[in-house]
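A.B. asks:
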Amino acid sequence: MMLSMREISSIANEICPMHVVINHEGRITGVGPTLRKLRPDTEWIGSRFFRIFDLARPRRVRSTEDLIKTAGAKLHLNFRDAPQTGLKGVLAPFPEGKGGFINLSFGISVLEAVRDYDLTSADFSPTDLTIEMLYLVEAKSAAMEASRQLNLRLQGAKIAAEEQAFTDTLTGVKNRRAMDHILNRLISSGRDFSLMHVDLDFFKEVNDTLGHAAGDTVLQRVAKLMVQCTRQNDTVARVGGDEFVLIFEGLIDRIQLSGIARRLISSIEEPIPFGDKTCKISASAGTALSAAFSQGLDAATLLHQADVALYAAKNAGRARHFFYQPGMDEQDEA
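Using the numbering used here, the first residue of the sequence shown is number 6, and each one after it goes up by one.
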């Protein structure tokens with residue numbers, strides 16, 4: 006039983022939805038549904054094949070006769086109008102030179118085609134491996150995105166853990182571990198900086214009379230004041246119960262540092278409310294400068310000098326700020 010052209014076309018639409026049928030003049034007499042979807046406004050039937058498609062290879066093809074002679078060879082072509090989607094094809098000639106049947110596919114351009122034309126599985130032959138490939142690509146993309154998100158979460162968790170390891174949990178400022186790290190980095194860099202050791206005066210009385218909750222409130226308030234009195238690139242660290250260290254990168258001017266210490270002590274002396282009570286404290290401070298070392302600067306020595314200057318301020322009546330001076334060590338021992 007011979008099939009009619011209508012029946013053959015119906016079968017071709019199912020198994021080759023991107024086919025083109027041309028006659029001996031190179032005019033299109035049939036086209037698959039997926040190709041129609043790619044160019045819905047194109048008048049396919051009756052149009053010349055070479056008006057719609059540009060054949061890149063084989064290069065020797067110049068006419069319909071040349072095209073039919075490529076039977077069985079791979080064709081590389083694309084649409085002449087935008088988007089100029091790349092296509093692959095193969096031609097099967099009809100008997101007696103009456104034209105040919107060209108089966109097309111997207112080849113490696115399938116991802117772009119699916120995106121550009123909003124294609125679905127219904128636009129491909131049920132046996133076409135394209136769908137399986139797209140599923141694999143989608144699965145790979147999903148896996149890569151999941152991996153990326155996991156890496157971001159792990160990186161975030163690492164950063165959070167490192168930040169937590171360098172943070173004083175009560176006050177939110179840096180802790181001693183962070184201070185040691187920053188000091189070593191500054192010393193290694195060779196940049197000038199100053200280190201101010203601050204100790205709270207009368208803090209023990211607050212703890213003894215109002216309790217540790219009041220003491221915690223005072224420490225949190227003091228830490229906030231210190232952050233407000235320093236620059237963004239400076240460091241505020243709580244290194245003991247009521248002891249803090251301030252590191253000023255690139256600042257060694259004694260007048261500026263004295264002004265910072267004066268403002269800090271003044272703000273700390275303002276009464277701090279706690280329930281229906283008020284906490285009254287003060288602070289003493291001692292500062293050491295990295296520039297005082299011509300060579301052999303180390304963190305332990307700098308911290309010791311700031312500590313000596315701090316206790317000289319306390320011995321002088323508290324609520325004061327002193328710079329370390331050579332000879333203070335002997336006075337402290339005396």
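Glycine is no exception: its CB is placed at the ideal position from the N, C-alpha and C atoms.
Any contact of the segment 267-281 with the segment 173-187, i.e. 3+ C-beta pairs under 8 Å?
C.D. replies: no
A.B. asks: Which residue's Cα is closest to the Cα of Lys103: Gln169, Glu70 and Gln237?
C.D. replies: Sequence index remark: in the sequence shown, residue 103 carries index 98 (1-based). Minimum Cα distance to Lys103 is reached at Glu70.
A.B. asks: Figure out for me which residue from Gly37, Leu60, Asp221 and Asn156 has the closest Cα to the Cα of Cys284.
C.D. replies: Within the sequence shown, numbered from 1, the residue matching residue 284 stands at position 279. Cα-wise, what sits closest to Cys284 is Asp221.
A.B. asks: Using DSSP with H/G/I as helix, E/B as strand and the rest coil, what is Glu30?
C.D. replies: As a first step, residue 30 must be located in the sequence shown, where it is residue number 25. Three-state DSSP puts Glu30 in coil, outside helix and strand.
A.B. asks: What is the DSSP secondary structure of Asp349, reduced to helix, strand or coil?
C.D. replies: With the chain covering 6 to 339 only, the question about residue 349 has no answer from this structure.
A.B. asks: Who does Arg53 pair with in a DSSP beta bridge?
C.D. replies: Reading the sequence shown from its first residue, position 48 is the one you call residue 53. BP columns for Arg53 point to Arg32.
A.B. asks: Would a C-beta distance cut-off of 8 Å place Arg259 and Phe328 closer than the cut-off?
C.D. replies: Within the sequence shown, the letter at position 254 stands for residue 259. Within the sequence shown, the letter at position 323 stands for residue 328. Their beta carbons are under 8 Å apart, which means Arg259 touches Phe328 by this criterion.
A.B. asks: Looking at C-alpha atoms only, which residue of Ala87, His24 and Asp204 is the closest neighbour of Leu315?
C.D. replies: Mapped onto the sequence shown, residue 315 falls at position 310. Nearest option by C-alpha distance: Asp204.
A.B. asks: Can you list, in chain order, the stretches of the beta strand (DSSP E) that have 3 or more residues and sit fully within the segment 178-251?
C.D. replies: 198-206 and 240-243
A.B. asks: Between Asp128 and Pro22, which are expected to be in contact by the criterion C-beta below 8 Å, what is the C-beta distance as a whole number of angstroms?
C.D. replies: On the sequence shown, residue 128 is found 123 positions in, with the first residue counted as 1. On the sequence shown, residue 22 is found 17 positions in, with the first residue counted as 1. The pair is a contact, with the Cβ atoms about 6 Å apart (cut-off 8 Å).
A.B. asks: Can you check which of these residues, Ser289, Ala218 and Gln160, is closest to Met201 by C-alpha distance?
C.D. replies: To locate residue 201, count along the sequence shown from 1; it is residue 196. Selected option, being the one with the closest Cα: Ser289.
A.B. asks: Going by DSSP, which residues form a beta bridge with Asp59?
C.D. replies: Reading the sequence shown from its first residue, position 54 is the one you call residue 59. According to DSSP, Asp59 bridges with Asn83.
A.B. asks: Alpha carbon to alpha carbon, what distance is there between Ala87 and Ala151?
C.D. replies: Counting from 1 along the sequence shown, the entry for residue 151 is found at position 146. Counting from 1 along the sequence shown, the entry for residue 87 is found at position 82. Ala151 and Ala87: Cα-Cα distance of roughly 35 Å.
A.B. asks: Within 10 Å of its beta-carbon, does Ser341 have 16 or more other beta-carbons around it, so buried, or fewer, so exposed?
C.D. replies: Lying before the first or after the last residue shown, residue 341 is absent from the chain, which here runs from 6 to 339.
A.B. asks: Could you check where the beta strand (DSSP E) with Gly105 kicks off and where it finishes?
C.D. replies: Walking along the sequence shown from the start, residue 105 turns up at place 100. Segment Gly104 to Ser110, the beta strand (DSSP E) holding Gly105.
A.B. asks: Between the segment 208-228 and the segment 240-260, can you find at least three pairs of beta-carbon atoms closer than 8 Å?
C.D. replies: Under the 8 Å Cβ criterion, the segment 240-260 counts as touching the segment 208-228, having at least three qualifying pairs.
A.B. asks: Could you tell me the alpha carbon to alpha carbon distance between Ala324 and Phe208, rounded to whole angstroms?
C.D. replies: Counting from 1 along the sequence shown, the entry for residue 324 is found at position 319. Counting from 1 along the sequence shown, the entry for residue 208 is found at position 203. Rounded to the nearest angstrom, the two C-alpha atoms are 13 Å apart.
A.B. asks: Inspect the beta-carbon positions of Phe3 and Ala228 and report whether they are closer than 8 Å.
C.D. replies: Only positions 6 to 339 of the chain appear in the structure, and residue 3 is not among them; the question remains open.
A.B. asks: Ends of the beta strand (DSSP E) at Ile270?
C.D. replies: Here residue 270 refers to the residue found at position 265 of the sequence shown. Where Ile270 is concerned, there is no enclosing beta strand (DSSP E), although the alpha helix (DSSP H) it sits in stretches over Arg259 to Ile273.
A.B. asks: Can you tell me whether DSSP reads Gly332 as helix, strand or coil?
C.D. replies: For the purposes of this step, residue 332 is taken as residue 327 along the sequence shown, with counting starting at 1. Three-state DSSP puts Gly332 in coil, outside helix and strand.
A.B. asks: Glu19 by DSSP, collapsed to three states: which one?
C.D. replies: Position 14 of the sequence shown holds residue 19. If DSSP states are grouped into helix, strand and coil, Glu19 belongs with the helices.
A.B. asks: At least one CB of chain C closer than 8 Å to the CB of Val223: is that the case?
C.D. replies: The question asks about chain C, but that chain is absent: this structure has only one protein chain.
A.B. asks: If you draw a straight line from the C-alpha of Lys319 to the C-alpha of Gly195, how long is it?
C.D. replies: Counting from one through the sequence shown, the residue named residue 319 turns up at place 314. Counting from one through the sequence shown, the residue named residue 195 turns up at place 190. Using only the alpha carbons, I get a separation of about 31 Å.
A.B. asks: Could you tell me which residues DSSP puts in a beta bridge with Ile277?
C.D. replies: For the purposes of this step, residue 277 is taken as residue 272 along the sequence shown, with counting starting at 1. Cys284, per the DSSP bridge assignment.
A.B. asks: Alpha carbon to alpha carbon, what distance is there between Ser14 and Ile20?
C.D. replies: Here residue 20 refers to the residue found at position 15 of the sequence shown. Here residue 14 refers to the residue found at position 9 of the sequence shown. Rounded to the nearest angstrom, the two C-alpha atoms are 10 Å apart.
A.B. asks: When the distance is taken between beta carbons, is Leu109 closer than 8 Å to His29?
C.D. replies: Reading the sequence shown from its first residue, position 24 is the one you call residue 29. Reading the sequence shown from its first residue, position 104 is the one you call residue 109. Contact flag unset, no.
A.B. asks: Counting only the same chain and skipping the five closest in sequence on each side, list residues whose C-beta sits under 7 Å from that of Arg53.
C.D. replies: The residue labelled residue 53 in the question sits at position 48 within the sequence shown. Gly31 and Arg32.
A.B. asks: Among all the DSSP beta bridges, which residues are the ones paired with Leu92?
C.D. replies: The residue you call residue 92 lines up with position 87 of the sequence shown. Leu82, per the DSSP bridge assignment.
A.B. asks: Which residues in the same chain as Asp121 place their Cβ atom closer than 8 Å to its Cβ, once the five residues preceding and following it in sequence are excluded?
C.D. replies: Counting from 1 along the sequence shown, the entry for residue 121 is found at position 116. Taken in chain order, the residues that qualify are Pro88 and Thr90.
A.B. asks: Determine the direct distance from the alpha carbon of Ala317 to that of Glu338, and round the result to whole angstroms.
C.D. replies: Within the sequence shown, residue 338 is the residue found at index 333, counting from 1. Within the sequence shown, residue 317 is the residue found at index 312, counting from 1. The predicted position of Glu338 is uncertain, since its pLDDT is 49 and thus under 50; a value taken from the coordinates is nonetheless stated next. Taking the straight line joining both Cα atoms gives about 11 Å.
A.B. asks: Skipping 5 residues on each side, what residues in its chain have a beta carbon closer than 7 Å to that of Val82?
C.D. replies: Along the sequence shown, one-based indexing puts residue 82 at 77. Here the sequence assigns Leu to residue 82, which means Val is not the residue at that position. Excluding residues within five positions, the ones whose Cβ falls inside 7 Å are Phe58, Asp59, Leu60, Ala61, Leu92 and Gly94.
A.B. asks: Is DSSP giving Ser289 helix, strand or coil here?
C.D. replies: Counted from its first residue, the sequence shown places residue 289 at position 284. Residue state, collapsed to three classes: strand.
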